[in-house]
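In this note's numbering, the protein residues as written are 1224 to 1687.
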Amino acid sequence: MITLASTLSPVAPSQRIRGVDIARGLALLGILLVNVRFFFWPLAVAIDPTLEIDGVATTDADRIAWSVVETLCTFKCISLFSLLFGFGIATQVDRVLRAGGNCWAFGARRCGVLLAIGLVHGLFVWYGDILTLYALLGFAVFAMARVSLKALRFVIVTLISVLVVLTVLGAILQWAARVYPEVFAFQPTDVVLVQSFDGAAATTEDSEIASDAPIANIATTTTPLRGFDAIYEAGGDISSEVWREAETAAFREGPFIDALLFRWSEFAMSLIAGLFGYGWHALIMMLIGVYVFRTGLFSAETRARRMGVGIGCTIVGLGLSILAVAPLWIMGLESPFALAMHAVFLELGALVLPLGYAMLIVEYGPRWPAAISIPIERAGRMALSLYLTESLICTTLASWWGFALFGSMLDLRLSLIAIAVWISLLLMATLWLQRFRIGPMEWVWRRLSYGRTPARTQAASSIH
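Pasting the structure below:
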């Protein structure tokens, strides 16, 4: 019998869906393969494939590594994680309602604590935190977990339609801005432009003033700006050379206050971009996760349907994802059309391929050899702890107070680092769950959510 008290305890291993935990553990690898760029590169370089790391030569191996990650992982694995997050919320809501509990109070506590964890992570460890966005979206998902299937389908289809239209329009504008820059860039018509010595546009009046400027003033402009001065000079443009150089120096050389300033600035940007950009995609995937739970697609009874959805979505999703990357190889990174294609098909692939991943991993994951499936499954059971540990390890490798590797490596080496970190996390999860029933941050999450201490050790769990 399910009681309200039982909802406050971790789900027993015998009651968990092994394939879901395996999918969650694999999603951690894919997420890290993408996020490792953001740990070790300036934000603009990690986002824009046309920008490069100064002083580091790109090889064909790096381009291949980038293409593989972009095709199989970028937006796909975080979308898979979002789907599983929504599935988990639907599972929790079902348990609470069957126990006669208050769904809203339950959701508010859970999301509130997750929000606090995310804010600490984003402000003081790594600006790319996703937990804050998940906590905010979680409130909407808790609300939608109880609506009818018909209403849920309508909301999902509507959101997907709007997102696709906006993505296509955005890609068209992106293409037009690159092909017709004079239309999108404001330039005063009554000022004659000349090229200054550094390639930047300057007015003839400015040039005359500059010619009379003291040599000492010119010398001071060559001094690299740091911290707030660089952010102010760049005008908030993360792609400007001033910003990128100062960001690299802050994370690779310090001091603490400069790194903190860039972390807070980029965390704010990431959160705003998440709420008004990627957040809509994440919400769709979370609601799809709710739909998967409500329709029983992960249950044994729906195996044939699950296989059909999994194979179909994987084939279509891979095709869309290849179309996002192939034009960049054929036409080059500077091609406006290739970049527009990349934006559209990256989004479309990320809507379809994660569903294929989820269905096939849930079906086949538990059949893999135990030496492979069990460590990945255990990683999935303590995904929150390992996600935060990823950040601690990677920031230690990248930052000045650790190994100071920020801005020194490209895609191939970063991918190898990501795989090595993930394997170490599998070992950590395996050793931890041999002794404890629940991950450390999962324990903290439940403890702060309910003011009640959940069992940690395998022996103590027999009390419940």
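Cβ coordinates follow ideal geometry from the N, Cα and C atoms, glycine included. Owing to the predicted nature of the structure, the values given are computational and were not obtained by experimental measurement.
- Where N1325 is concerned, there is no enclosing alpha helix (DSSP H), because DSSP gives it neither an H nor an E.
- Around the C-beta of A1280, fewer than 16 other C-beta atoms lie within 10 Å, and the residue is accordingly described as exposed.
- Under the 8 angstroms Cβ criterion, the stretch 1464-1479 does not count as touching the stretch 1313-1333, having fewer than three qualifying pairs.
- Partner residues in a beta bridge of F1261, as assigned by DSSP, do not exist.
- For W1623, no alpha helix (DSSP H) segment is defined, and its DSSP state is neither H nor E.
- Around the beta-carbon of T1355, 16 or more other beta-carbon atoms lie within 10 Å, marking it buried.
- Taking the C-beta atoms as reference points, F1298 is found no nearer than 9 angstroms to A1250.
- Residues M1367, L1510 of the same chain have their beta carbon placed closer than 7 angstroms to that of V1378, with the five preceding and five following residues left out of the count.
- Within its own chain, the residues whose Cβ lies closer than 6 angstroms to the Cβ of G1477, once the five positions on either side in sequence are excluded, are W1623, listed in chain order.
- As the crow flies, the alpha-carbon of A1643 is around 43 angstroms from that of V1370.
- The alpha-carbon of W1349 is positioned some 29 angstroms away from that of V1575.
- Residue environment: A1527 is assigned as exposed (fewer than 16 neighbouring CB atoms within 10 Å of its CB, all protein chains considered).
- Approximately 6 angstroms separates the beta-carbon atoms of L1648 and T1612; this is inside 8 angstroms, confirming the contact.
- Between L1382 and G1512, the C-beta gap is not smaller than 9 angstroms, which leaves the two residues out of contact.
- With 16 or more other Cβ atoms from the protein chains shown falling within 10 Å of its own Cβ, E1570 counts as buried.
- Under the three-state reduction of DSSP, F1659 is assigned to strand.
- Annotation for S1596: the continuous alpha helix (DSSP H) segment containing it runs 1593-1604.
- In the structure shown, Y1455 adopts helical secondary structure according to DSSP, grouped into three states.
- The beta carbon of I1301 is closer than 6 angstroms to those of I1254 in its chain, skipping five residues each way along the sequence.
- Only residues of its own chain outside the window of five on either side were considered, and among them G1519 have a CB closer than 7 angstroms to the CB of T1525, listed in chain order.
- The three-state secondary structure of C1617, taken from DSSP, is helix.
- Between the alpha carbons of G1393 and A1399 lies a distance of about 10 angstroms.
- With 16 or more other Cβ atoms from the protein chains shown falling within 10 Å of its own Cβ, G1351 counts as buried.
- Secondary structure note for T1518: its alpha helix (DSSP H) is the uninterrupted segment 1502-1518.
- Remark: C-beta atoms of L1562 and Q1315 do not approach each other more closely than 9 angstroms.
- The alpha-carbon of L1483 is positioned some 11 angstroms away from that of F1451.
- Using a Cβ distance threshold of 9 angstroms, G1662 and L1628 do not count as a contacting pair.
- A Cβ-Cβ distance of about 17 angstroms is found for the pair A1469 and A1491, leaving them out of contact under the 8 angstroms criterion.
- The continuous alpha helix (DSSP H) containing P1404 extends over residues 1404-1407.
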